[in-house]
Every structure is written in structure tokens, then in C-alpha cells.
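S.K.: Going by our numbering, the first residue of the sequence shown is number 138, and it counts up by one from there. Below: one structure in C-alpha cells.
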Amino acid sequence: MLLSLVGVAIFIAVIALIIVAMSTKPYPDLGRYDSEKYFLNEKQEKCLFPSINDPASVELSVIVPAYNEEERCKYSFIHSFIYIFLFIKDYNFNFFVVPMMMDEALEYLEERKKKLKSFTYEVIVVDDGSKDKTTQTAQSYCNKYGSDKIRVLTLAKNRGKGGAIRLGMFSARGRYLLFADADGASKFSDFTKLENEMKNMKKDSSNRAVVCGSRAHLEEESIAQRSFFRTILMKGFHFVVWFLCVRGIKDTQCGFKLLTREAAVLLFSNLHVERWAFDVDMLFLAQYFNIPVGEVAINWTEIEGSKMVPVFSWIQMGKDIILIRLRYFLGAWKITEKSKLE
Numbered sequence: 138m139l140l141s142l143v144g145v146a147i148f149i150a151v152i153a154l155i156i157v158a159m160s161t162k163p164y165p166d167l168g169r170y171d172s173e174k175y176f177l178n179e180k181q182e183k184c185l186f187p188s189i190n191d192p193a194s195v196e197l198s199v200i201v202p203a204y205n206e207e208e209r210c211k212y213s214f215i216h217s218f219i220y221i222f223l224f225i226k227d228y229n230f231n232f233f234v235v236p237m238m239m240d241e242a243l244e245y246l247e248e249r250k251k252k253l254k255s256f257t258y259e260v261i262v263v264d265d266g267s268k269d270k271t272t273q274t275a276q277s278y279c280n281k282y283g284s285d286k287i288r289v290l291t292l293a294k295n296r297g298k299g300g301a302i303r304l305g306m307f308s309a310r311g312r313y314l315l316f317a318d319a320d321g322a323s324k325f326s327d328f329t330k331l332e333n334e335m336k337n338m339k340k341d342s343s344n345r346a347v348v349c350g351s352r353a354h355l356e357e358e359s360i361a362q363r364s365f366f367r368t369i370l371m372k373g374f375h376f377v378v379w380f381l382c383v384r385g386i387k388d389t390q391c392g393f394k395l396l397t398r399e400a401a402v403l404l405f406s407n408l409h410v411e412r413w414a415f416d417v418d419m420l421f422l423a424q425y426f427n428i429p430v431g432e433v434a435i436n437w438t439e440i441e442g443s444k445m446v447p448v449f450s451w452i453q454m455g456k457d458i459i460l461i462r463l464r465y466f467l468g469a470w471k472i473t474e475k476s477k478l479e
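Structure (C-alpha cells):
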């Protein structure tokens, strides 16, 4: 009886593996809609985005994925309105999330440019198919600072954070590319920490390297305050990531990562996961290619109105992690050894 059950289990497992292999697209979809190839400059003229295949023409590109940030603003406003009456002290007003993040980033970038005239940058806000005024809000910064510094990439449909960042990367001009969350949870001036680590790292022969911002130190010091469900989600997710995919990185999910241009084109050309677990896919690929990966502690504040739903996110990300490992193991997901730049 036991042998029969084992046999049935093995048979079901084999069938499941075959189904996974046969239903998986071997290569990621790197295409884009025609409308996603253009941005509007400060004169409201339609301009073609450059390609990551082109030589770098600015020092730093900052990619900011954004999706329905107006909803987060409304949530934060209501939360803050209640909070200011119940707990006046230590009040933190989070209304208008995208402008707050952009203001902080641009203040740092503009100040740096004043001190170092040769420093050049661009910020690409990627509106991931929002149904609110995220694009219009971001475009107002282009109108103010000019399209050489601020560009808005509006996606025709929602692709997920990883998919949005990929298209932002493929439209960037930077020698270094940083992606940062639109909620401003990371302190933007901590970019200096990532930059210093990047300069000190020994890159591979093709000048590839990745530096991850990390919140791991905050867990130990109990500075970061999370809800019970998010804590369970975080701990469980970290274990599954460590066990199946990425080792040596304490915090794979912090939305503050710096890449060389050469690393970005190779990793995002091979990235298969476009939603929550895309960071794990990216770091798995980095370790596959033996690309040096650094990790630096940064300041971080949990922002209200997260789009992650604890139970659903846990199930979704856990499934993604298992499938990442399984699909690469089976060879269902193919990896292109050479990047487009080579």
C-alpha cells in the first residue's frame, strides 16, 4: 500500500514537472508597445527614448517604478489625519508620496551637481499602467527641470514592478543605474553608500557589479517597525529565498539597488519574473553569471499604504521562488550568456 502511494506521488510529481516545463516560455518578453518608446519633453514634444545598447551619456540614471501612487497618497492622508489627532507627537505626514520622494532625490542630485559640475543624471519615472494621475504628477517635474533630467515612461498596461524597472533600465542613459521605490522608504542620500561600495568592489572582466541596499541591520536593532503579518511574511520569505535561490545576501527585497550599465543589460535581458519576486530572479542570475554583489546598510522607513497584501503576497512570492528554482533547474527558462552590449 505504501509503495503504491509513493508510486502515485512520484507519478503526479513527474506530470507536474512536465506541465511546468511545457507551459513555460523559455525566454522573457522584451518587447514594448510603440507608445512606450517615447516620452514627452518640457515642450510637450514626442521624443524617442534611447536604448541601453547605446553608450552611456550621463553618470547616473535613477529608475522610479510607480503604480497608482495617488491611492497611497489618499490612504496616507486619512491615516495621517487620524494620527495627528490621536498621537500628536512624532507626527509623520505622508501625503503626496511621489512628489515627496522626487523632491528628496532631486534636492540631493542638484546639490551634488553644484559641487561637482561634471556630474550628470537623469530620473526616469515609470508609470506602470496607473489609472490615476501618476504620469501627470511626474510630468510636472519634467516641465520644471527639463527632459534631459526628468523623463516619464508610461506603460500601456501594468507589468509589475520588475517589468516596469526593466523597461526603465532599457531606456536609460546612465553609466550607473539605480532603482528606487516611489514611496520614499529609502533615504535617497544613502545612494552615496551604494556608490562608495560600488567603487571599492572588484568588478568582473566586463565591468559588471551590483550593490544592494539592505535593511537587515534594522531587524536586529528593532528600528524598523512592521506589523505582525509583514514580519511573518518577511521571515518566511527570507528563508525560502536562502534555501532555494540566493545565499549571501541578507535582504534581497529592498527597493534600492545600484548596477553598472553592463550588469543591468545582461541581468534584465534574462529576467523572467516581472512582479514581487523579480529581485530574487535578478540576484539569482547575478550569482549564476558570477557577477560581484555587494550589500550596504541603509536608512529605511516603512511607509503606510503598501500594495502588498500579507497572505496573498506570501502565497504569490513563495510560488514564484519555487518556480524560479524549478524552471531554471529544468532548463525551462533559458539564459542568454552574452548581453546585447557584447
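Just so you know, even glycine gets a beta-carbon here, dropped at the ideal spot from N, CA and C.
What three-state label does DSSP hand Leu463 in the structure shown?
M.R.: Leu463: helix per DSSP, three-state reduction.
S.K.: Which class does Leu197 belong to by DSSP, given the choice of helix, strand or coil?
M.R.: The answer is strand: DSSP assigns Leu197 an E or B state.
S.K.: Run the CB neighbour count on Ser198, radius 10 Å, all protein chains shown included, and call it buried at 16 or more, exposed below.
M.R.: Looking at its Cβ environment, which holds 16 or more other Cβ atoms inside 10 Å, Ser198 is buried.
S.K.: Under a Cβ-count criterion, where at least 16 other Cβ atoms within 10 Å of its own Cβ denotes burial, should Tyr164 be classed as buried or exposed?
M.R.: When all chains shown are included, Tyr164 counts as exposed.
S.K.: Who are the near neighbours of Lys471 in its chain, counting only those whose CB is closer than 6 Å to its CB and skipping five residues on each side?
M.R.: Same-chain partners within the cutoff: Pro163, Tyr164.
S.K.: Rounded to whole angstroms, what's the CA-CA distance from Asp323 to Asp171? Just pull it up for me.
M.R.: The displayed chain sequence assigns Ser, not Asp, to residue 323. Taking the straight line from one Cα to the other gives about 33 Å.
S.K.: Quick check for students: name the residue ranges of the alpha helix (DSSP H) that lie wholly in the region 292-355, counting only runs of 4 or more.
M.R.: Runs found: 298-307, 328-337.
S.K.: Please confirm whether Val201 and Phe316 have their CB atoms less than 9 Å apart.
M.R.: Yes, these two residues count as a Cβ contact at 9 Å.
S.K.: At the level of alpha carbons, what is the spacing between Leu460 and Tyr278?
M.R.: Each residue's Cα considered, the two are about 40 Å apart.
S.K.: I need the straight-line Cα distance from Ile369 to Lys252, nearest angstrom please.
M.R.: Going by the C-alpha atoms only, they are around 44 Å apart.
S.K.: How far does the beta strand (DSSP E) with Phe393 in it extend, from its first residue to its last?
M.R.: Unbroken beta strand (DSSP E) run through Phe393: 393-397.
S.K.: Residue range of the alpha helix (DSSP H) that Asp418 falls in?
M.R.: Note, Asp418: alpha helix (DSSP H), 415-425.
S.K.: Whose CA, out of Lys456, Arg412, Glu474, Gly392, lies closest to the CA of Ala423?
M.R.: Nearest of Lys456, Arg412, Glu474, Gly392 to Ala423, Cα basis: Glu474.
S.K.: At the level of alpha carbons, what is the spacing between Ile386 and Thr161?
M.R.: Each residue's Cα considered, the two are about 28 Å apart.
S.K.: Once DSSP output is grouped into helix, strand and coil, what is the label at Val410?
M.R.: Note: Val410 maps to coil in three-state DSSP.
S.K.: DSSP beta-bridge partners for Cys184?
M.R.: Answer is Phe176.
S.K.: Over the uninterrupted alpha helix (DSSP H) stretch that includes Tyr278, give me the two end residues.
M.R.: Per DSSP, Tyr278 belongs to the alpha helix (DSSP H) from 271-282.
S.K.: What is the DSSP secondary structure of Pro236, reduced to helix, strand or coil?
M.R.: Three-state result, Pro236: helix.
S.K.: So does Thr274 have its beta carbon nearer than 8 Å to some heavy atom of the ligand MG?
M.R.: Inclusion of the ligand MG in the displayed structure is not the case, the ligand content being empty and no account of it being possible.
S.K.: Going by beta-carbon coordinates alone, are Val347 and Leu408 separated by less than 9 Å?
M.R.: No, these two residues do not count as a Cβ contact at 9 Å.
S.K.: Taking 7 Å as the limit between beta carbons, can you name the residues of its chain near Asn427, skipping five residues before and five after?
M.R.: Once the five neighbours on either side are set aside, the close Cβ partners of Asn427 are Asp341.
S.K.: Among Gly321, Gly300, Leu314, Asp388, which has the Cα closest to the Cα of Asp166?
M.R.: Checked all of Gly321, Gly300, Leu314, Asp388; the closest Cα to Asp166 is Gly300.
S.K.: Would you please state the rounded distance, in angstroms, between the beta carbons of Glu432 and Ser351? I believe it to be under 8 Å.
M.R.: That belief holds up - the Cβ atoms of Glu432 and Ser351 are roughly 5 Å apart, short of 8 Å.
S.K.: Taking all protein chains shown into account, do 16 or more other C-beta atoms lie within 10 angstroms of the C-beta of Lys254, making it buried, or fewer, making it exposed?
M.R.: That one is exposed.
S.K.: Give every residue of the same chain whose Cβ lies closer than 7 Å to the Cβ of Asn295, excluding the five residues on either side of it in the sequence, and list them in chain order.
M.R.: The answer, listed in chain order, is Tyr204, Asp265, Gly266.
S.K.: Measuring CB to CB, does Val377 end up less than 9 Å from Gly455?
M.R.: In this structure, Gly455 lies closer than 9 Å to Val377 by Cβ.
S.K.: Give me the Cα-Cα distance between Pro187 and Phe176, rounded to the nearest whole angstrom.
M.R.: Taking the straight line from one Cα to the other gives about 10 Å.
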